[in-house]
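The sequence shown finishes on residue 222 if you use this note's numbering, and the numbering steps up by one all the way, no holes.
Built from N, CA and C at the ideal position, the CB exists for glycine as well.
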Amino acid sequence: MLEINAQPEDSVDITQLRTPIKVDLTPIYAFLGSRTSQAWVNAALNNLPLIIQDHANCEKKAAGTAMNLIFRYEFSYDLQRKLAQLIREEMLHYEQVLGIMNERGQEWKYLSAGRYAKGMLKHKRTHEPAAMVDVLIIGAFIEARSCERFAALAAEIDEPRLAKYYRYLLKSESRHFEDYLMLAQSLSEDNIDERVAFFKEVESELITSPDSELRFHSGVPA
Ligand SMILES: [Fe+2]
Ligand SMILES: [Fe+2]
């Protein structure tokens, strides 16, 4: 039976959201090879409009990537169902961030993609099902890192409404991380541990090395 995940608190209007439940971030921190630097947090807080714009882009891209997977890998019921739910949630986040931008009087601004996702996707194997497994593992890292960064921002941001919203996001993003990881393992014939360890290093390098661009998933501000 399908569980219904769009509960009443999942409103497009972030002022209608209930107090976020506490999310245990221990598995996220264990999965990631590094924590976000204070330098990135400081830069993000000093450039909030850019971070909010990039966050909007990320939500849209998360939905788009999942939609591509839905079209490409139609054989798996589990994958179809999990991704359909994920797309619904990412699009809700997208609408919520658009609402935040509107409320702040922030106009939409084109922002190029940073190096982060590309930096992982260039290592994607080209044969199937390895390519699919790699994309799912990369998805798990992107979701886990988003979760870690929302928590880091929520801890320090001066704006209570945004802090609450970022805390609200932890619940879904940590579940997205688990879903991607579970799908990667269940759809792979081999154990994925080695591949996860490989991407853990690649991801960590992108987060801990100097980066000339500031983005939601950028490295240490150069
Ligand atoms: Fe999201
Ligand atoms: Fe997500």
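Expressed to the nearest angstrom, what Euclidean distance is found between the alpha-carbon atoms of residue 134 and residue 204?
-> If you take the alpha carbons of residue 134 and residue 204, they lie about 16 Å apart.
Those runs of the alpha helix (DSSP H) which lie wholly inside the segment 120-158 and span at least 4 residues = If only uninterrupted alpha helix (DSSP H) runs of at least 4 residues are considered, those enclosed by the segment 120-158 are 130-156.
Does at least one heavy atom of ligand 2 sit under 8 Å from the Cβ of residue 55?
-> Not under cutoff, so the answer is no.
Can we count residue 93 as close to ligand 2, meaning its CB is less than 8 Å from some heavy atom?
-> Residue 93 has its CB nearer than 8 Å to a heavy atom of ligand 2.
Neighbourhood of residue 79 by C-beta, 8 Å cutoff - its chain only, sequence neighbours within 5 removed = Correct list, in chain order: 69, 70, 73, 183 and 187.
Compute the distance between the beta-carbons of residue 65 and residue 139, then report whether it is under 9 Å.
-> Their beta carbons are under 9 Å apart, which means residue 65 touches residue 139 by this criterion.
Tell me whether the beta-carbon of residue 20 lies closer than 9 Å to the beta-carbon of residue 124.
-> Contact flag unset, no.
Would you kindly report the start and end of the unbroken alpha helix (DSSP H) that includes residue 49?
-> Looking at the DSSP string, the run of the alpha helix (DSSP H) that includes residue 49 is 48-72.
Answer yes or no: the CB of residue 176 versus the heavy atoms of ligand 1, is any distance below 8 Å?
-> It does: the Cβ of residue 176 is within 8 Å (strictly closer) of some heavy atom of ligand 1.
Please specify which runs of the alpha helix (DSSP H), each continuous and at least 4 residues long, are wholly inside the segment 173-213, giving them in chain order.
-> Counting whole runs of 4 or more residues, the segment 173-213 contains the alpha helix (DSSP H) stretches 193-208.
Bridge partner(s) assigned by DSSP for residue 221 | BP columns for residue 221 point to 211.
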